[in-house]
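The structure appears right after this line, and notes come after that.
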Amino acid sequence: MKVKTRFAPSPTGYMHIGSLRTALFCYLFSRQNKGDFVLRIEDTDQARFIEGAIEKIIFLMHDMGLDYNEGVDVQNGRLIDKGEFGPYQQSKRREIYKEYAQELIKTGHAYYCFCDERRLADLRKQQEAMKIAPQYDKKCRYLSQTQVQSNLKQGLPYVIRQAIPENSQVIVKDLVYKEIVIDTKTLDDQVLMKSDGFPTYHLSVVVDDHLMQITHVIRGEEWIPSTPKHLLLYKVFNWDPPKFAHLPLILNKDRSKLSKRQGDVAVEDYLKKGYLKEALINFVALLGWNPKTDQELFSIDELSAQFSFEKVNRAGAVFDVEKLDWLNGMYIRKMDLPELTRKTIPYLEKAGLVAKDKNGYKAANGNALSQEAIESIVKLEQERLKKLSEIGERVKYFFSRPQYNPQILIWKKSNLEQTKKNLQAVCEFLENLDEKEFASAQTLEAKIKQFISENNLENGPVLWPLRTALSGLEASPGPFEIASALCRVYGKQEIIARLRAAIKFLE
RNA sequence: GGCGCUAUCGUCUAGUGGCUAGGACAGAUGGUUCUCAUCCAUCAAACCAGGGUUCGAUUCCCUGUAGCGCUACCA
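Position 172 of the first sequence, counting from 1, maps to 175 under the working numbering, and the rest follow consecutively.
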């Protein structure tokens with residue numbers, strides 16, 4: 004049978020990092036098996052409806068490259084259903100669930116329950132006080148047929164509950180967790196249809212996975228305890244259950260389930276901070292899965308080639324931002340410059356260093372910036388960036404002349420006099436150097452080093468002040484790189500101007 | 001409280017009935033170097049505890065402990 008997986012988020016307004024990993028694994032597995040991949044929206048909770056949340060999920064799925072061939076999509080700004088098993092929004096499938104719930108009632112596998120919330124709350128309180136498992140006491144399960152009919156006729160609000168068999172066992176076979184045996188005694192008579200006419204997850208997920216011909220249900224570990232209820236439903240409907248694969252939880256530093264309170268959990272937050280989707284995917288894939296080799300860097304193609312449930316771990320994995328940072332840095336370094344620049348410009352804009360108008364980009368001081376100019380600025384930091392959002396702080400000196408500080412200008416193994424002298428000498432040398440010698444940092448380096456040795460100078464006392472005069476920073480890219488980039492963006496004058504300003508400052 | 005899952009360096013993890021328990025991130029040190037970053041080298045760092053089984057257990061079994069998850073008319 005053709006493999007078919009589905010990612011079935013509920014529209015909460017943002018995509019959780021854990022959901023990203025679930026979606027990724029669904030995608031990888033279906034791709035690996037040349038199967039189908041469905042996006043279904045589980046929006047059966049009216050109380051939690053959030054405007055625009057579905058569009059956000061869809062946008063992110065496309066943005067992250069997790070393309071699906073069936074399910075809800077956006078076309079001309081409107082939600083549409085793609086595929087023959089729709090609708091793919093559960094809120095639009097109410098009639099279907101109602102029908103199946105009725106079937107369960109008819110066959111005695113579900114029953115009407117008229118207990119109100121007050122009673123249920125009291126019941127729970129009592130049970131908690133007695134330290135027994137809080138469960139529905141099945142009061143309505145054995146109501147007489149006439150009683151039920153009369154209640155219904157009166158229009159009493161009701162829910163429909165699953166009639167769990169009393170003394171039985173359910174065996175959950177899981178691709179990751181192997182086999183889990185659960186006694187039905189520990190299972191609650193779960194609500195399947197709410198009083199507002201919407202189904203709960205437990206009904207809708209079973210009905211939809213069956214109707215949509217899902218072969219592999221891939222979801223978070225938190226669903227293991229309710230899987231027996233789902234299996235029971237498959238059984239009473241006389242349906243073949245799909246295969247299940249539960250994924251270990253992603254955890255906070257303190258090993259609790261990854262939550263909003265302890266930092267960012269939304270994929271869009273990480274995107275906003277300048278993490279690349281390739282890095283995010285690579286990172287999240289390695290949380291709970293590993294290739295059993297030393298490979299750390301994976302493209303999405305490599306992942307789908309190598310993925311398997313046997314290699315998924317059963318223990319939860321702590322989300323370690325430091326490793327993400329490292330990975331992101333790796334991807335930033337690997338990226339080609341025009342692409343990196345394109346992605347970095349928004350952060351330069353946000354930092355107020357660059358602005359766009361009808362003629363193109365401009366620096367804050369009004370200077371026009373060509374695409375190449377911005378590229379040469381970005382190139383300075385390509386090797387150093389961990390995330391794109393750091394760019395503004397790091398290249399600030401490029402857009403406004405540095406504020407000097409003698410402690411920084413003078414090399415630790417040098418002194419004021421020597422610094423002044425060397426700065427003057429190198430300034431003079433550069434003034435007389437043809438502008439085209441600045442085109443590449445390498446040739447400029449060769450020229451300057453030649454100048455240093457010809458004048459019996461040393462690298463340190465010349466290069467340090469040269470670099471700090473250009474950047475004003477204790478730590479920065481090298482003087483040749485900066486000079487070359489400055490020349491490309493502003494012309495040689497800017498270099499000379501900065502050197503003179505530094506010399507003047509030292510006087 | 002009940003049910004379930006899990007347990008190897010700080011973190012992600014590999015691994016085996018007998019190994020100096022491997023890799024990566026982070027950390028430390030050194031090299032390269034004008035600084036930072038990169039790169040290279042080196043170091044430090046772990047088998048939850050107790051019982052079995054066994055000639056031998058980190059590995060298999062049991063118990064305990066700890067952590068986490070579920071325990072809604074949320075998903």
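All C-beta atoms in this analysis are idealised placements derived from N, C-alpha and C, irrespective of residue type, glycine included.
Note on geometry: alpha-carbon atoms of residue 107 and residue 226 lie some 23 angstroms from one another. With a cutoff of 9 angstroms on beta-carbon distance, residue 316 and residue 291 are scored as near each other. In the three-state DSSP reduction, residue 492 falls in the helix class (H, G or I). Counting C-beta pairs closer than 8 angstroms gives fewer than three between the region 473–480 and the region 368–377, which falls short of the contact rule. Per DSSP, the beta bridge partners of residue 220 are 247. Around the beta carbon of residue 165, a 10 Å sphere encloses 16 or more other beta carbons of the protein chains shown; the residue is thus reported as buried. In the three-state reduction of the DSSP assignment, residue 372 falls in the strand class. About 12 angstroms separates the beta carbons of residue 487 and residue 449, which is beyond the 8 angstroms limit, so they are not a contact pair.
Just measuring C-alpha positions, the residue of 407, 347, 427 sitting nearest residue 396 is 347.
Taking one beta carbon from each stretch, the region 58–71 and the region 7–21 have 3 or more pairs nearer than 8 angstroms; the two touch. The criterion of a C-beta distance shorter than 9 angstroms is satisfied by residue 498 and residue 489. Residue pairing for residue 181: DSSP places it in a beta bridge opposite 177. The beta carbon of residue 137 sits closer than 7 angstroms to those of 127, 130, 131, all from its chain and outside the five residues before and after it, given in chain order. A distance below 8 angstroms between beta-carbons, with the five flanking residues on each side excluded, links residue 483 to the following residues of its chain, in chain order: 444, 445, 447, 448, 451. With respect to the 9 angstroms criterion, residue 171 and residue 205 are not classified as neighbours on the basis of their beta carbons. Straight across, the Cα-Cα distance linking residue 392 with residue 275 is about 8 angstroms. The region 240–315 contains, as complete alpha helix (DSSP H) runs of 4+ residues, the segments 270–275, 280–288, 303–309 (chain order).
Inter-residue distance for residue 478 and residue 439 is about 27 angstroms (C-alpha atoms, whole angstroms). Residue burial is scored here from C-beta neighbours: residue 409 has fewer than 16 other C-beta atoms within 10 angstroms and is therefore classed as exposed. In the pairwise beta carbon analysis, the region 309–328 is classified as touching the region 27–38: at least three pairs are separated by under 8 angstroms. Under the 10 Å beta carbon count, residue 211 is surrounded by 16 or more other beta carbons and is classified as buried.
Residue 215 sits in coil when the DSSP states are folded into three classes, being neither helix nor strand. Per DSSP, the continuous beta strand (DSSP E) segment holding residue 357 begins and ends at 357–360. In this structure, DSSP gives residue 38 a state outside helix and strand, which the three-state scheme calls coil. In the three-state reduction of the DSSP assignment, residue 21 falls in the helix class. For the set 91, 492, 430, 435, the Cα lying nearest the Cα of residue 403 is the one of 492.
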